[in-house]
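To start, the structure under review is shown below, and the notes come after it.
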Amino acid sequence: MFNMFKGFEKKTGVKMDSVIKLANSVKNANFKDEATVRDLIQRVSKLANRKITKEKEDQLVQTILSGKTPKDLGAIKKMMDEKK
Numbered sequence: 044m045f046n047m048f049k050g051f052e053k054k055t056g057v058k059m060d061s062v063i064k065l066a067n068s069v070k071n072a073n074f075k076d077e078a079t080v081r082d083l084i085q086r087v088s089k090l091a092n093r094k095i096t097k098e099k100e101d102q103l104v105q106t107i108l109s110g111k112t113p114k115d116l117g118a119i120k121k122m123m124d125e126k127k
């Protein structure tokens, strides 16, 4: 498992302990609350050092609030990488 974390860190530039802290901080979050969802999106964007447009943030918020979130990481990555 340690090697997997190191590979993740090398590929993304994000420390695994930062990801774990973020995950723990939203463990009991209300993902039906728009402010909570926006805060999480902004925190993930900052952690990943990836700026997202207001339009992309709005799209992500609506997707999460509607319950239509992708169930696998590949679909999430594709959604994040889509260009308008």
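In the working numbering, the protein residues as written are 44 to 127. Using N, Cα and C, we set each Cβ at its ideal position, and we do this for glycine too.
The stretch 50 to 57 makes no contact with the stretch 78 to 89; the number of CB pairs closer than 8 Å stays below 3.
A direct Cα-to-Cα measurement between D60 and K70 gives close to 15 Å. DSSP places G117 within a helical segment (H, G or I) once states are collapsed to three.
In the structure shown, N73 adopts coil according to DSSP, grouped into three states.
When the five nearest sequence neighbours on each side are left out, the beta carbons in the same chain lying within less than 7 Å of the beta carbon of I107 are those of F74 and V80, in order along the chain. Shortest Cα-Cα distance from D76 to any of V57, M47 and G110 involves G110. Secondary structure at N92: coil, using DSSP grouped into helix, strand and coil.
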